[in-house]
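What follows is one structure encoded as structure tokens, with my remarks underneath.
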Amino acid sequence: MLPAPPKPSRLGRALAAAQAAKETLSFLLLVLPLALESPLVLVSALPGLGLYLLHLYLASGRASRVLAVATWVLTLADELWAVLLYHDLGAPLAARRLHLSHCLGIGLSLLALAELAARWARRRRPA
């Protein structure tokens, strides 16, 4: 029988919780005001809703590291896509703040992936 895949670390759970908190604040403070001006903004937020639920699951500590890696890779892709899609230095202040929020998400994603890679490397190292 194969051993159970290791669970995310305390740091990994904290990063997932930080990402979920960032997404909550971004949605309430930045996306909703933009959506009032242009409702199509909400359509672009739909993939983030699925990732938000995955981050909450990761923060609970019940997810495998395989799911954690998949979630963080998808999060990184989503945040990069949003930065490229909405990057406009002449944009209104709310849009620029949303851009900064996505840059913070990229940083959290890279930290989480680096933490997972370091733990994987330590685990693979012969005793």
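Each residue of the sequence shown is one higher than the last, beginning at 1208 in my numbering.
Every residue, glycine too, gets a C-beta built ideally from N, C-alpha and C.
Can you give me the C-alpha to C-alpha distance between residue i and residue j, rounded to a whole angstrom?
{"i": "L1218", "j": "L1292", "result": "30 Å"}
{"i": "S1245", "j": "W1327", "result": "43 Å"}
{"i": "Y1259", "j": "E1286", "result": "12 Å"}
{"i": "L1323", "j": "A1242", "result": "35 Å"}
{"i": "A1321", "j": "P1254", "result": "23 Å"}
{"i": "Q1226", "j": "S1271", "result": "18 Å"}
{"i": "R1303", "j": "H1309", "result": "10 Å"}
{"i": "L1318", "j": "L1222", "result": "8 Å"}
Which same chain residues end up closer than 8 Å to residue i when comparing Cβ atoms and leaving out the 5 residues on each side of it in sequence?
{"i": "H1294", "result": "H1306"}
Does the Cβ of residue i have 16 or more other Cβ atoms within 10 Å, making it buried, or fewer, making it exposed?
{"i": "A1284", "result": "exposed"}
{"i": "L1256", "result": "exposed"}
{"i": "G1312", "result": "buried"}
Take residue i and list the residues in its own chain whose beta-carbon comes closer than 7 Å to its own, dropping the five residues that flank it on each side.
{"i": "S1316", "result": "W1279, T1282, L1283 and E1286"}
{"i": "L1263", "result": "A1227"}
To which residues of the same chain is residue i closer than 6 Å at the C-beta, ignoring the five residues directly before and after it?
{"i": "A1252", "result": "V1238"}
Discussion item. Could you check whether the stretch 1232-1242 touches the stretch 1272-1280, counting it as contact only if at least three pairs of C-beta atoms, one from each stretch, sit closer than 8 Å?
Written reply: Contact between the stretch 1232-1242 and the stretch 1272-1280 is absent, because fewer than three Cβ pairs lie under 8 Å.
Discussion item. So, does the stretch 1268-1275 touch the stretch 1243-1258, judging by three or more C-beta pairs under 8 Å?
Written reply: No contact exists between the stretch 1268-1275 and the stretch 1243-1258.
Discussion item. Could you tell me which whole alpha helix (DSSP H) segments of length 4 or greater appear in the stretch 1243-1289?
Written reply: Here the runs fully enclosed are 1248-1251 and 1253-1267.
Discussion item. Ignoring anything shorter than 3 residues, give me the beta strand (DSSP E) runs that lie fully in the stretch 1298-1330, in order along the chain.
Written reply: Here no run is fully enclosed.
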